[in-house]
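Student:
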């Protein structure tokens, strides 16, 4: 009888833990939120806040002060951390892992915070390599964190000399961003259990971090000068230990979302976001992720169809059918007349995806030859235009490009790699030494679901992911041919020509010139040699 009794008690505990306790807490949250009050604005307007709003915090004279806050619901405007778990599951794990996490989202609604966090941690991290999670934290998450920063909390954090973050989310998810972008001195978060180089999916023996206890243990008797939290009772316990306390009010944040006053503009980012990786171009909330999975049933066949018409059909027919399938192609400018020197025209393009030469060739309605530094065999087979690999040997590549120009028109992307953000990387000057007829072409793309580039994923799938977007957009702007006096034949050095074209393309696109290179990109995203140092000094500093 002993074993059945143990099973009965275990079932009773699970029933209480998973259903009764969680449903009771969910009901109390609904009740406390004022759902059953018809006039909620009247109810909330007569509540006296215990702590002032973060907007009331004075930013002057804080350089010697210490700020303590959380990232979830405080530094980040959104209360839910589910989208960031989804990013880790999708980008660092697999599509099956992310699908499993999505299917669990309805059940998470009835769980209390601790059990919900444990379930999401298990699904997201179980069996995942440490290096994969670190790669996502370094290359993928910062973009979404920056876009979701609460500007008011960020300004308070920036004004302080010392910054400490206490959070119940896993420390490994946020540590890289907080230290690299916000210069946070110390991060205390939930620790995860590992075996060798893998996560087990379980929380360490310390359990989910309790913020007010962690604050007491970390600072002993010394109280932080400023504490920032939400209006929840748990955060009130946390910020009550600080000399000054401020809260991020949910009602105010909803209003700020409408007016965009709490969104941090790109020009105010703590450091420029030039490089980022990952396939997803949207914040994967449960609804957005569900939409993506539903779209895949249409998107994959659609991408194959778009690929087929680009390879097999004439240019005009391909453009017509491509537009019917949802591709938006915007062409500005015309192909300039050429001189009669017997050599081809060199088209110099900004580099957004591997499809840049293809869309240029389609826009001009004539076959072009594209030179590339690294292209997968699959991409070479599927390319509807001729592609030639370069070796990164200046002498050999120069001879190859000279030969190709003698045979016809040539396309080159001097950045050497793609860049998603509104920046242009440093241009290689080799092309300027080879041609007198140079036509700059400003290429730009816009996607709303998948990025068509990757630094750490399978590059052969780049065109497929781009063409899976519901409404991908390509803008091709053909600029005026470079005057002879601005080329090497007119007395200019190859570096001067390259820099001039870089600035010309940046002006046409509304982008910013940088001195960053392909090597810098892979150092940042692949992490094989660490993060590039002193990146800020290289922005706005063309070669």
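Numbering (our numbering), first residue to last: -16 to 526.
Beta carbons are placed, not taken as given, at the ideal position from N, Cα and C, and that holds for glycine.
Kindly indicate which residue of 261, 210, 487 has the alpha-carbon position closest to the one of residue 35.
Tutor: Comparing Cα-Cα distances from residue 35 to each of 261, 210, 487, the minimum goes to 210.
Student: Check whether the Cβ atoms of residue 445 and residue 336 lie closer than 8 Å to each other.
Tutor: In contact: residue 445 and residue 336 (Cβ atoms closer than 8 Å).
Student: Kindly indicate which three-state DSSP category residue 527 falls into: helix, strand or coil?
Tutor: Look at the range of the chain in this structure, -16 to 526, and you will see that residue 527 is not part of it.
Student: What residues match up with residue 331 in a beta bridge as DSSP calls it?
Tutor: Per DSSP, 395, 423.
Student: Compute the Euclidean distance between the alpha carbons of residue 63 and residue 86, then round it to the nearest angstrom.
Tutor: Using only the alpha carbons, I get a separation of about 16 Å.
Student: Considering just the uninterrupted stretch of the beta strand (DSSP E) at residue 135, what are its terminal residues?
Tutor: From DSSP, residue 135 is part of no beta strand (DSSP E) but of the alpha helix (DSSP H) over 134 to 142.
Student: Is there contact between the region 253 to 269 and the region 418 to 425, where contact requires at least three CB pairs shorter than 8 Å?
Tutor: No, because fewer than three Cβ pairs between the region 253 to 269 and the region 418 to 425 fall closer than 8 Å, the two stretches do not touch.
Student: Using the beta-carbon count (16 or more within 10 Å), is residue 189 buried or exposed?
Tutor: It counts as exposed.
Student: If you pair each beta-carbon of the region 101 to 116 with each one of the region 73 to 80, do three or more pairs fall below 8 Å?
Tutor: At 8 Å Cβ cutoff, the stretches touch.
Student: Can you name the start and end residues of the alpha helix (DSSP H) that residue 259 belongs to?
Tutor: Unbroken run through residue 259: none, as it is neither H nor E.
Student: Is DSSP giving residue 170 helix, strand or coil here?
Tutor: Correct three-state label for residue 170: strand.
Student: For a test of the three-state rule: what should DSSP assign to residue 610, helix, strand or coil?
Tutor: This structure gives no information on residue 610, because the portion of the chain shown stretches from -16 to 526.
Student: What does a CB cutoff of less than 7 Å around residue 508 pick up in its chain, not counting 5 residues either side in sequence?
Tutor: Closer than 7 Å at the Cβ level, and outside the excluded window around residue 508, lie 122, 258, 260, 438, 439.
Student: Looking only at its chain, what residues have a beta carbon closer than 8 Å to the beta carbon of residue 273, apart from the 5 residues adjacent to it on each side?
Tutor: Around residue 273: 85.
Student: Do residue 451 and residue 286 have their beta-carbon atoms positioned less than 8 Å apart in this structure?
Tutor: Cβ distance < 8 Å, so residue 286 and residue 451 count as in contact.
Student: Take every Cβ of the region 293 to 312, pair it with every Cβ of the region 478 to 487, and state whether three or more of those distances are shorter than 8 Å.
Tutor: No, because fewer than three Cβ pairs between the region 293 to 312 and the region 478 to 487 fall closer than 8 Å, the two stretches do not touch.
Student: Using only the alpha-carbon positions, how far apart do residue 98 and residue 232 sit?
Tutor: For residue 98 and residue 232, the distance between alpha carbons rounds to 25 Å.
Student: Going by DSSP in three states, residue 26 sits in which element: helix, strand or coil?
Tutor: Because the pLDDT at residue 26 is just 40, under 50, the model does not fix this residue reliably, and the value given afterwards should be weighed accordingly. Residue 26 falls in the helix class under three-state DSSP.
Student: Relative to the alpha-carbon of residue 350, which residue among 361, 367, 360 has its alpha-carbon at the smallest distance?
Tutor: Selected option, being the one with the closest Cα: 367.
Student: Between residue 49 and residue 253, is the Cβ-Cβ spacing less than 8 Å?
Tutor: Contact flag unset, no.
Student: Do the region 392 to 406 and the region 339 to 357 meet, that is, are 3 or more Cβ pairs less than 8 Å apart?
Tutor: Yes: at least three Cβ pairs fall under 8 Å.
Student: Less than 8 Å between the CB atoms is what I'm expecting for residue 431 and residue 453, so what's the real figure, rounded?
Tutor: 7 Å between Cβ atoms; contact.
Student: Using DSSP with H/G/I as helix, E/B as strand and the rest coil, what is residue 10?
Tutor: With a pLDDT of 48 at residue 10, under the threshold of 50, the modelled position of this residue cannot be trusted; read the value that follows with caution. Three-state DSSP puts residue 10 in a helix.
Student: Compare the C-alpha of residue 531 against each of 410, 505, 416, 504 and name the closest.
Tutor: Nothing about residue 531 can be reported from this structure: the residues present for the chain run from -16 to 526 only.
Student: Pair every Cβ in the region 375 to 386 with every Cβ in the region 332 to 347, then say whether three or more of these pairs are closer than 8 Å.
Tutor: As far as the Cβ criterion goes, the region 375 to 386 does not touch the region 332 to 347, which means the pair count is below three.
Student: Less than 8 Å between the beta carbons of residue 58 and residue 164, yes or no?
Tutor: Their beta carbons are not under 8 Å apart, which means residue 58 does not touch residue 164 by this criterion.
Student: Whole angstroms are fine: how far does the CA of residue 473 sit from the CA of residue 308?
Tutor: Between residue 308 and residue 473, the C-alpha separation is close to 46 Å.
Student: Taking DSSP as the reference, what is the three-state secondary structure of residue 473?
Tutor: Helix, per DSSP.
Student: Looking at C-alpha atoms only, which residue of 41, 181, 129 is the closest neighbour of residue 160?
Tutor: Cα-wise, what sits closest to residue 160 is 129.
Student: Quick check on this structure: which residue in 41, 290, 435 has the alpha carbon closest to the alpha carbon of residue 305?
Tutor: The shortest Cα separation from residue 305 among 41, 290, 435 belongs to 290.
Student: Just to confirm, are residue 319 and residue 463 a CB contact at a threshold of 8 Å?
Tutor: Cβ atoms of residue 319 and residue 463: closer than 8 Å.
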